[in-house]
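See structure below.
There are 2 protein chains.
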Amino acid sequence: MPRYKLTIAYDGTAFHGWQKQHPPDAKPLRTVQGEVEKAVMESVREKVHVLGASRTDAGVHARGQVAAFNCEQVMEPERLIEAITTRLPDDVQVLEGAVVPETFDPIQDCTSKGYRYQLAWGRRRATSRPLFDRHYTAWTHYALDIDSMRAAAAHFVGEHDFASLTRLNHGRESTVRTIHDCTVTALEDDRLHVDVSGDGFLYNMVRILVGTLIEVGRGRLAAESMPALLEARDRGHGSVTMPPEGLCLMWVQYGA
Amino acid sequence: MPRYKLTIAYDGTAFHGWQKQHPPDAKPLRTVQGEVEKAVMESVREKVHVLGASRTDAGVHARGQVAAFNCEQVMEPERLIEAITTRLPDDVQVLEGAVVPETFDPIQDCTSKGYRYQLAWGRRRATSRPLFDRHYTAWTHYALDIDSMRAAAAHFVGEHDFASLTRLNHGRESTVRTIHDCTVTALEDDRLHVDVSGDGFLYNMVRILVGTLIEVGRGRLAAESMPALLEARDRGHGSVTMPPEGLCLMWVQYGA
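Residue numbers (the numbering used here), protein chains in the order written: chain A, 15 to 270; chain B, 15 to 270.
The following block contains the structure:
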């Protein structure tokens, strides 16, 4: 049976996240997985299960989510994309499609993922608060020192136990992850990007990591305290979870 | 009594346009004028009438709308902006405030206005259709020849009767306007801007003008036919009205 890989972009604003959710005694929630599955099934006229690489939370966006599904029907990827696309709502797009080996697992085979967090900052609400990009950019009114944020970010790179930067850690699974890159980029108009990539991420990890960088940027935490924060392995040491709208899954990588 | 001038930006997506509307036997519609007036009145604690320079339609955006109001209270413009801003919803912002002469009329005194229309084009729906900027960019699947659009746009510059490019022309008012500039700018990813400025605009004029340029770009009208189209002074000669989301009021100018 052919297996297909899709690269998907979506505006997470009006979605209850990636993963299908069907609360008891209620209508299914609107999710990206639900919409994509429906569009694929209408395109190939078969029952299909679409598995995504990353279960992005409600309000989180993606420019390069990866998903896969099997179906009996053999279709040219280009034609498949067009068929799915015309059946998708205007806040999801299939960017690429490919036939992949039957063993391809979008979660297990993933070697690296990249996230970007967009942030606007500045005291004057009237001019620093995002307007046209407010669904894609979080805002803090604190003045931020970008250099100390950069110094703090460097401490996250490498293999660490990130228990301090996650939520709902039941202690059953390892909280050790390897971060390949964590970069703070200053942009015009008091905006910045935090780009983080790694072999895997814990629940809410990027959003708590950015919250922690903001604490450093506003001077409440020292960049040099990051190693001790990680070593504490305790959520109480991380900072607030930043809101979802600033976060975007940029890419998912397979193989070296 | 002091008179204040405000420069206002808004995301028009969730508004029924600028102008207050109160249908009989129904709740008032959500309008920019309504929201701004409410925020101003809460700030100055007086009944206030806010007059805008341009009555933008439902779904049309603004980066530089201008409005004015009188109130008894004397306030530092900076403090006034902050007071209004904290009372505005997150899709409207007051960018600037100034005290102006009591005679200042935002409509009558306006010497020039600038609009921008953002358009994405391309046959492949999956990759050319706007996603994250879909509320601010219209889309056409036609392939467009930008050079012929530019040639057509040049014919609109100057003083002309624009009756062919308006809707609801009751013949009571003059349809002669002077266009100062009409420029088509090609951008990356098969996107373009049409920037139009002039001393005044008729109802739906920019959206019909852009629709006409698209007809030229896709080869259904010749750029050289624009003078005859204007001379016909008949709406039947203009093209479809393009959707509101691509349009943005960029600035309003007073004085030379």
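Where a beta carbon is used, it is the ideal one built from N, C-alpha and C, also for glycine.
Straight-line Cα distance separating residue j from residue i
| i | j | result |
| --- | --- | --- |
| Ser68(A) | Gly212(A) | 13 Å |
| Val224(A) | Ser126(A) | 19 Å |
| Glu51(B) | Glu259(A) | 29 Å |
| Val108(B) | Arg130(B) | 20 Å |
| Ala76(B) | Ala82(B) | 16 Å |
| Val74(A) | Leu43(A) | 15 Å |
| Thr45(A) | Tyr24(A) | 11 Å |
| Thr117(B) | Ala40(A) | 59 Å |
| Thr255(B) | Val80(B) | 25 Å |
| Ala157(A) | Glu110(B) | 21 Å |
| Ala246(B) | Leu235(B) | 15 Å |
| Thr151(B) | Leu261(B) | 8 Å |
| Cys124(B) | Pro38(A) | 59 Å |
| Met89(A) | Phe176(B) | 51 Å |
| Gly231(A) | Arg148(A) | 21 Å |
| Arg93(A) | Pro257(B) | 29 Å |
| Pro103(A) | Gly66(A) | 18 Å |
| Arg59(B) | Gly128(B) | 33 Å |
| Gly214(B) | Thr21(B) | 18 Å |
| Phe146(B) | Phe146(A) | 10 Å |
| Gly269(A) | Leu243(A) | 32 Å |
| Val210(A) | Met219(A) | 10 Å |
| Trp32(A) | Val171(B) | 49 Å |
| Trp153(B) | Ser142(B) | 8 Å |
| Ile98(B) | Thr99(A) | 43 Å |
| Ser239(A) | Asp195(A) | 19 Å |
| Asp203(A) | Asn84(B) | 32 Å |
| Gln122(B) | Glu49(A) | 50 Å |
| Asp248(A) | Glu187(A) | 15 Å |
Residue j beta carbon less than 7 Å from that of residue i
| i | j | result |
| --- | --- | --- |
| His169(A) | Pro120(A) | no |
| Glu56(B) | Arg101(B) | yes |
| Ser162(B) | Ala237(B) | yes |
| His273(A) | Arg181(A) | Nothing can be reported for residue 273(A), as the shown portion of chain A is limited to 15 through 270. |
| Ala112(B) | Pro144(B) | no |
| Ala167(B) | Val198(B) | yes |
| Gly252(A) | Thr226(A) | yes |
| Val114(B) | Lys34(B) | no |
| Gly26(B) | Trp265(B) | no |
| Leu216(A) | Thr70(A) | no |
| Ile228(B) | Ala200(B) | no |
| Gln47(A) | Val62(A) | no |
| Arg205(A) | Ala134(A) | yes |
| Thr192(B) | Glu173(B) | yes |
Neighbour flag for residue i against chain D, beta carbons, 7 Å
| i | result |
| --- | --- |
| Phe29(A) | Among the protein chains in the structure shown, which are A and B, there is no chain D. |
Residue i (DSSP reduced to helix, strand or coil)
| i | result |
| --- | --- |
| Leu227(A) | helix |
| Asp175(B) | strand |
| Ala157(B) | coil |
| Val254(B) | coil |
| Arg101(B) | coil |
| Ala72(A) | coil |
| Val58(B) | helix |
| Val220(B) | helix |
| Val46(B) | helix |
| Ala134(A) | strand |
| Ala168(A) | helix |
| Gly66(A) | strand |
| Arg232(B) | coil |
| Ala152(B) | strand |
| Arg181(A) | coil |
| Leu261(A) | strand |
| Pro91(A) | helix |
| Lys52(A) | helix |
| Arg249(A) | helix |
| Ala40(A) | coil |
DSSP beta-bridge partners of residue i
| i | result |
| --- | --- |
| Gly267(B) | Before going on, a small fix: residue 267(B) reads as Gln here, not Gly. Answer is Ser126(B). |
| Val210(B) | Tyr129(B) and Cys196(B) |
| Ile22(B) | Gln79(B) and Val108(B) |
| Ala242(A) | For Ala242(A), which the question treats as bridged, DSSP gives no partner whatsoever. |
| Asn84(B) | Arg17(B) |
| Val113(B) | Tyr18(B) |
| Arg205(B) | Ala134(B) and Leu201(B) |
| Arg191(B) | His174(B) |
Cβ-Cβ separation, residue j to residue i (assumed contact under 8 Å), whole Å
| i | j | result |
| --- | --- | --- |
| Ala72(B) | His30(B) | 5 Å |
| His207(B) | Gln132(B) | 6 Å |
| Ala53(B) | Asp105(B) | Actually they are not in contact, since the Cβ atoms of Ala53(B) and Asp105(B) sit about 12 Å apart, beyond 8 Å. |
| Glu86(B) | Met15(B) | 6 Å |
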